[in-house]
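Accompanying notes for the structure given below.
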Amino acid sequence: MCYESGAPSSVTVSSTVNGTSTTVAELEVPYSDIVSVRFKSSAGQGVLQGSIALPEPLKLEKGFKGGDVLVVVQRRGAGYVPVAAASNYVQPEGTSFFYNPKFATTVRLPQGVSLAIPAGATNAPQVFLVGVHDTGDDYPLVDIYPPVPLTKPATVQLPVIARAASATLSNQAPPSPRPQAVPPGGSLASQAQTQAARASGPMSIEINATGTVPRTPRAAQSDKQSSTATTDEALTSDAGTAAAAAAACNQYGWCNCADQLAYPQNQQNIANGLTATGTTYLNWCTTIAPYVHITVTNMADSRERFTVKHSPKVGTSAPPSYLPPRLPLVRITSWSPNTQVMTNGFYWQGDEGTSTGQTGLADGHVHNFATGLGDNLALGGSCQDYPSPPYNACNTFSPHGNKRVMLMPATGTAWSWVDNGAAGVISNSLSYVSSSTSIVKNGVCSTDTTSSRWTAVGNTSGGRLIFMSSTTDGQTSAAELCAVFKAMGVNNAIRMDGGPSAAMAVDGALKNPLGGLYFVKYGTMRYIAYGLKVSYPGW
């Protein structure tokens, strides 16, 4: 017998006694905590009756898409009674399945992925939610929620993703150069020895706990995923891939991201990659701290363009409401076709970004040239969106704290950085973004140790634009990111939005889809107010 809710207010009760799901009843349930399932007593043969408490309350809160409840029953006399239960959230972008430890279970998942869990792998039944994502790499990324220890290892089979040449960028897709390898002896291998061929066959990985499945051999071999994650850890680091990789470093032998990036031959590898398209993507620090994806763009390359990307504002500030037009919240992949790099921007005020149709007002200083998205107003949004009257001149608005502002032309390297705590327009001839947190300011590192998933952006005096964005299950801080930016020659960088907002798409492929409870609530990625885009002219 199972209880399933396809939406927070809708409940379908189904029976699986005969091996298939048969609807028993349709009910309505408000946003609430489900703590138990009760079956009303009635006369007759084969009757199911009694009640059972869930191991953990299923909290059907705003933003969540619903829940699944599994009830295991046992024959007792002429009827049946519930003997075990489990629950989990529903996410339409994922695949839910029930696991009863009395039986081995094999699940066929999207993109040809399979998951085999032997009998007796857990002490109690489980409802698992699995996200399978194409991140543009050889193998899919798989995230299994909730994170639980397995007393017997499960096996995840990952097929190689067959893909043609990029359909959007053709020869303009950012290359991904490989770093120099460090063998056990400490001397550096030749570049020829480190150029691994593209994967040609499936990868089979044994896991000792559910979570984000590691896709690198070293991380997989040393997989020691934690079974004692707190609620906050479950939101951002379900898998423990980062912890597993820390013991093994990465597949090229580097244990320190900054050292790897600063090494002269690796700097040359980056420079070589930039000659092809002006932008290069680095996955070198995805399995070592600070667990980030990195892109480097040579803005001195005349082919490159930088844009603050957003959708047209909706609404009007006309009376009687005088409410300013708002930005539709959008997933960055809707902007990323024909784009080399796209990341999320800074905060916004408004809806949470859990689904389409939501809107918000940009926070801080942010302009796409003459189009103002945010002018650091305490109310959010841009001065040009508030009519006068009833509002006064923009500089009379209450500001929203001091911001570090990065100002950029569409092309070239004439960047500048300013501190601005006022409300108002800085420039109509430049694009600019801002943040309340500097990672490195005029060469001085931040001391902010707030740990989460983050996106960050900075530039070098030589004309390179650097983006970093946390992996699916990685965590970092501004203080930790500073050393990595400085290793790339960056003396000024700021932190963008983080947590479920942190996202990076390269050549249209999202590199860091959400996992854990973030995936449960937001799906593959969050809907955000605007993004930062690098592309070629006309894109």
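Position one of the sequence shown corresponds to residue 14 (the numbering used here), numbered consecutively onward. Virtual Cβ for every residue (Gly too), placed ideally from N, Cα, C. Note that the coordinates shown come from a computational prediction; the quantities given were computed from them, not determined experimentally.
Nearest-angstrom Cβ-Cβ length linking residue i and residue j, presumed shorter than 8 Å
i, j, result
"G377", "G387", "5 Å"
"G512", "S448", "No, G512 and S448 are not in contact; Cβ-Cβ is about 15 Å, not under 8 Å."
"D147", "P138", "Rounded, the Cβ-Cβ distance is 31 Å, inconsistent with contact."
"V497", "C262", "That pair is no contact at about 15 Å."
"I452", "A491", "5 Å"
"G358", "V379", "7 Å"
"I345", "M538", "7 Å"
"C407", "G373", "With a Cβ gap of about 20 Å, C407 and G373 do not count as contacting."
"T7", "A129", "Given a span of 14 to 552 for the chain in the structure shown, any question on residue 7 remains unanswerable."
Sheet register partners of residue i (DSSP bridge)
i, result
"T356", "M517, L545"
"L71", "I47"
"K454", "V457"
"M481", "I307, A469"
"V5", "Outside the displayed range of the chain (14 to 552) lies residue 5, so it cannot be described from this structure."
"H146", "L154"
"E365", "Answer is none; E365 lacks a bridge partner."
"T372", "P341"
"T290", "None, per the DSSP bridge assignment."
"T225", "D156"
"V497", "None; V497 has no bridge partner."
"P162", "A222"
"Q170", "S127, S217"
"A522", "V519"
"G320", "With the sequence shown as reference, residue 320 is identified as Thr, and Gly is not the correct amino acid for it. Answer is K546."
"I507", "S451, V470"
"P412", "L390"
"T489", "S465"
Buried or exposed (CB count within 10 angstroms, at least 16 for buried), residue i
i, result
"K534", "buried"
"V457", "exposed"
"R176", "exposed"
"F77", "buried"
"R121", "exposed"
"A180", "In this predicted model, A180 has a pLDDT of only 42, less than 50, meaning its place in the structure is not dependable; the value taken from the coordinates is given anyway. Looking at its Cβ environment, which holds fewer than 16 other Cβ atoms inside 10 Å, A180 is exposed."
"K115", "exposed"
"G394", "buried"
"K53", "exposed"
"S483", "buried"
"P192", "buried"
"T300", "buried"
"R88", "exposed"
"N441", "exposed"
"N472", "buried"
"G414", "exposed"
"P187", "buried"
"R477", "buried"
"S45", "exposed"
"R51", "exposed"
"G90", "exposed"
For residue i, the nearest candidate out of the options (CA to CA)
i, options, result
"Y304", "P550, A515, V431", "A515"
"E2", "N101, G63, Y93", "Examination of residue 2 is not possible in this model, given that the chain is present from 14 through 552 alone."
"T356", "V96, K546, T463", "K546"
"I220", "D156, P188, A271", "D156"
"P227", "Q170, I479, A375, T108", "Q170"
"T329", "H323, K322, P337", "P337"
"A302", "N279, D272, L61, N311", "D272"
"K326", "R318, L342, L163", "L342"
"L83", "G107, V173, L71, E365", "L71"
"T135", "P162, D520, L340, N285", "P162"
"R316", "I507, L61, A423", "A423"
"L142", "V418, D81, A186", "D81"
"F319", "L274, A275, T426", "T426"
"Y158", "G528, P550, Y540, M538", "G528"
"A283", "L530, A500, M517", "According to the sequence displayed, residue 283 carries Ile and not Ala. Of the candidates L530, A500, M517, the one whose C-alpha sits nearest the C-alpha of I283 is A500."
"D151", "K165, G366, G214", "G214"
"S324", "R339, N311, Q397", "R339"
"T223", "D510, P277, K165", "K165"
"A289", "V309, T463, Y276, L73", "V309"
"N269", "L494, P160, I65", "L494"
"P412", "S429, L420, A391, G366", "A391"
"T367", "M312, P172, P105, T292", "P105"
"Y294", "V140, Y360, V519, T463", "V519"
"A469", "I47, V173, V418", "V418"
"G434", "N351, G291, N389, T292", "N389"
"G502", "G286, G544, P277", "P277"
"R508", "T462, T485, K524, S474", "T462"
Check: residue i C-beta below 6 Å from any heavy atom of the ligand ZN
i, result
"V126", "By its list of ligands, the structure shown contains no ligand whatsoever, and the ligand ZN lies outside what it can speak to."
What ranges does the alpha helix (DSSP H) occupy inside the segment 81-135, keeping only unbroken runs of at least 4 residues that lie completely in it?
none
Quick check on the DSSP output: what are the complete beta strand (DSSP E) runs of length 3 or more inside the segment 423-450, in order along the chain?
429-433, 444-448
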